[in-house]
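First residue of the sequence shown? That's 40 in our numbering, and the numbers climb one at a time after it. Worksheet: the structure to be examined is printed underneath.
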Amino acid sequence: MSVARSEVIGFTLAGICAYAADLGLFVWLRSGLGWDPIAAKSLSFVAGCTVAYLGNAFWTYRGRRVGWREYAVFFAVNIAGALVQLLCIAVSHYGLGFTSSRADTLSGAVFGMALATCLRFWGTRTLVFGGSGGSPPERHSRVEEGSRTSWTG
């Protein structure tokens with residue numbers, strides 16, 4: 040599997056923008072408007088997913104198919120990534136007995152985030168925007184070498 044440098048950079052920049060949108064909206068809803076933490080995080084998660092999808096769809100994977108189906112699959116991939124982070128915390132905290140705040144942060148925000156990012160990259164690349172990175176798929180079919188076409192077109 041060949042990964043283009045521009046694909047990794049685009050994915051990373053879309054992710055940074057999504058993280059900023061998620062964090063900024065969460066802090067504003069929670070601290071500024073006094074929302075419940077679960078409601079604030081739920082809305083900020085959806086907003087972050089939307090920013091990441093738009094960044095990837097219109098920059099990283101521009102030229103590929105964009106629509107509601109792709110957004111739904113992208114959202115599912117991001118939920119899977121969030122579950123990976125939760126699983127890392129659960130294994131560390133409850134399975135291995137590392138119960139400090141620092142251990143929870145390391146397992147969820149460092150190791151879990153790294154694993155989740157790999158899953159999100161793979162899922163975005165293969166399940167959402169279909170196929171390897173690089174140039175968009177050809178829009179016109181090619182004539183196979185050695186085949187004949189009609190002189191009338």
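Beta carbons: idealized from backbone N, C-alpha and C, even for Gly.
Residue i and residue j closer than 9 angstroms at C-beta
{"i": "VAL90", "j": "ALA60", "result": "yes"}
{"i": "TYR58", "j": "VAL167", "result": "no"}
{"i": "GLY54", "j": "PHE113", "result": "no"}
{"i": "GLY169", "j": "ARG103", "result": "yes"}
{"i": "GLY49", "j": "TRP98", "result": "yes"}
{"i": "ALA78", "j": "LEU62", "result": "no"}
{"i": "ARG141", "j": "GLU46", "result": "no"}
Residue i - containing alpha helix (DSSP H), residue span
{"i": "PHE84", "result": "76-94"}
{"i": "TRP107", "result": "107-129"}
{"i": "THR156", "result": "152-162"}
{"i": "ALA59", "result": "44-66"}
{"i": "ALA148", "result": "Unbroken run through ALA148: none, as it is neither H nor E."}
{"i": "ALA140", "result": "Rather than Ala, the amino acid found at residue 140 in this sequence is Ser. That run of the alpha helix (DSSP H) goes 140-144."}
Residue i Cβ short of 8 angstroms to the ligand MN heavy atom set
{"i": "SER131", "result": "This structure lacks the ligand MN; in fact it carries no ligand of any kind."}
Residue closest to residue i, alpha-carbon to alpha-carbon, out of the options
{"i": "PHE52", "options": "SER139, LEU93, TRP107", "result": "Here residue 52 is Leu; the residue named in the question, Phe, does not match the sequence. Nearest of SER139, LEU93, TRP107 to LEU52, Cα basis: LEU93."}
{"i": "ALA148", "options": "GLN124, HIS132, ALA115, THR165", "result": "GLN124"}
{"i": "ALA96", "options": "TYR110, ALA86, TRP67", "result": "TYR110"}
{"i": "ILE128", "options": "GLY151, PRO76, GLY63, LEU72", "result": "GLY151"}
{"i": "ARG159", "options": "HIS132, CYS88, PRO76", "result": "CYS88"}
{"i": "GLY134", "options": "ILE77, LEU126, ARG44", "result": "LEU126"}
{"i": "PHE84", "options": "LEU72, PHE65, ALA43, SER70", "result": "PHE65"}
{"i": "ALA86", "options": "CYS56, ARG44, GLY71, GLY73", "result": "CYS56"}
With a cut-off of 8 angstroms, do at least 3 Cβ pairs link the region 142-157 to the region 120-128? yes
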